[in-house]
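Written below as structure tokens is the structure these notes are about.
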Amino acid sequence: MVDLTGKNRYRFISLNDKYNFIYEFGSLEAQHIVILTEVIKEIRELRGNSVLIFLIKDFTQISHEDITYIKNSINVIKEKEPNSQTIDIILHSTGGLLSSSKELTHILRNNFKKIHFLVPNQALSAASLLCLSGDSIILGKNACLSPFDLLIYDTPVAIYKKTQELLRTKIKPKFQ
Numbered sequence: 006m007v008d009l010t011g012k013n014r015y016r017f018i019s020l021n022d023k024y025n026f027i028y029e030f031g032s033l034e035a036q037h038i039v040i041l042t043e044v045i046k047e048i049r050e051l052r053g054n055s056v057l058i059f060l061i062k063d064f065t066q067i068s069h070e071d072i073t074y075i076k077n078s079i080n081v082i083k084e085k086e087p088n089s090q091t092i093d094i095i096l097h098s099t100g101g102l103l104s105s106s107k108e109l110t111h112i113l114r115n116n117f118k119k120i121h122f123l124v125p126n127q128a129l130s131a132a133s134l135l136c137l138s139g140d141s142i143i144l145g146k147n148a149c150l151s152p153f154d155l156l157i158y159d160t161p162v163a164i165y166k167k168t169q170e171l172l173r174t175k176i177k178p179k180f181q
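Quick note on this note's numbering: the sequence shown kicks off at 6 and runs consecutively.
Here's what the structure looks like:
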């Protein structure tokens with residue numbers, strides 16, 4: 006089963022040997038699918054946890070679309086494995102929206118007691134923040150995390166107006 010969440014955004018999830026959702030990373034050939042399926046199977050056998058694949062193509066970012074993907078994936082996991090309390094998330098991303106990572110954290114924490122992130126290559130910016138929400142992070146030999154950078158999409162005038170509003174409604178009343 007494949008969940009297409011947008012242009013160039015293929016997401017797959019592994020629940021058992023029969024159900025493997027595999028992400029198309031560049032040009033994914035049949036032999037790569039077989040290898041990834043075996044890796045997922047081996048992780049499940051070694052660790053005994055549900056496995057979620059969350060790989061985002063380079064130059065595509067974690068976004069609000071991913072919230073729907075994670076919710077749907079969790080629903081499938083809970084349907085197939087109702088007693089599942091621990092999840093291993095294989096994560097690869099160059100980053101994205103911090104607000105999306107924050108919401109994903111809440112969703113994961115509301116559904117699992119233990120969350121483990123496996124990072125084979127990189128989890129940058131917002132993906133690093135997501136990793137830090139877990140109980141453990143397992144990094145590949147050359148894998149990396151990074152600092153998170155705040156992106157402000159509002160114009161300076163809009164920011165100033167919001168600051169004035171905050172000052173007027175929240176801060177000043179506390180000191181009067």
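All C-beta atoms in this analysis are idealised placements derived from N, C-alpha and C, irrespective of residue type, glycine included.
Quick one: Cα of residue i to Cα of residue j, how far?
i, j, result
"A134", "E47", "Reading off the sequence, residue 134 comes out as Leu, not Ala. Distance between the alpha carbons of L134 and E47: 27 Å."
"G145", "L96", "11 Å"
"L51", "Q66", "30 Å"
"L88", "I79", "What sits at residue 88 in the sequence shown is Asn, not Leu. Taking the straight line joining both Cα atoms gives about 12 Å."
"P178", "I82", "48 Å"
"E86", "I176", "48 Å"
"D154", "K107", "14 Å"
"T174", "R114", "33 Å"
"S32", "Q169", "Residue confidence for S32 is low, a pLDDT of 43 falling below 50, so the modelled location carries little weight; the figure read from the coordinates is stated next. Roughly 50 Å separates the two Cα atoms."
Just to confirm my understanding: we take residue i, look at its own chain, exclude 5 residues before and 5 after, and list those with CB closer than 6 Å. What are they?
i, result
"C149", "Q127"
"T73", "none"
"I94", "L57, F59 and F122"
"S138", "T110"
"V124", "L96, L144 and A148"
"V44", "none"
What residues in its chain sit with their C-beta under 8 Å from that of residue i, if we drop five residues either side in the sequence?
i, result
"D140", "K119, I120 and H121"
"I112", "I72, I75, K76 and I79"
For residue i versus residue j, is the C-beta spacing smaller than 8 Å?
i, j, result
"S105", "S68", "yes"
Using alpha carbons as the reference points, say which of the options lies closest to residue i.
i, options, result
"G100", "C136, N80, E86 and K175", "C136"
"T110", "K167, L171, D71 and K166", "D71"
"G53", "E84, I92 and L41", "I92"
"L129", "Q169, L102, K166 and R114", "L102"
"S55", "F117, I40 and K62", "F117"
So, is the C-beta of residue i closer than 8 Å to a C-beta in chain C?
i, result
"P152", "The displayed structure is made up of one protein chain only, and chain C is not part of it."
Using C-beta distances below 7 Å, list every residue in its chain close to residue i, excluding the 5 sequence neighbours before and after it, in chain order.
i, result
"S151", "L129, S130 and S133"
"N61", "The identity of residue 61 in the sequence shown is Ile, whereas the question assumes Asn. The residues are I67, H97 and S98."
At what residue ranges does the segment 79-147 contain a whole run of the beta strand (DSSP E), taking only runs of 3 or more? DSSP runs (the beta strand (DSSP E)) wholly in the segment 79-147: 91-97, 119-124 and 141-144.
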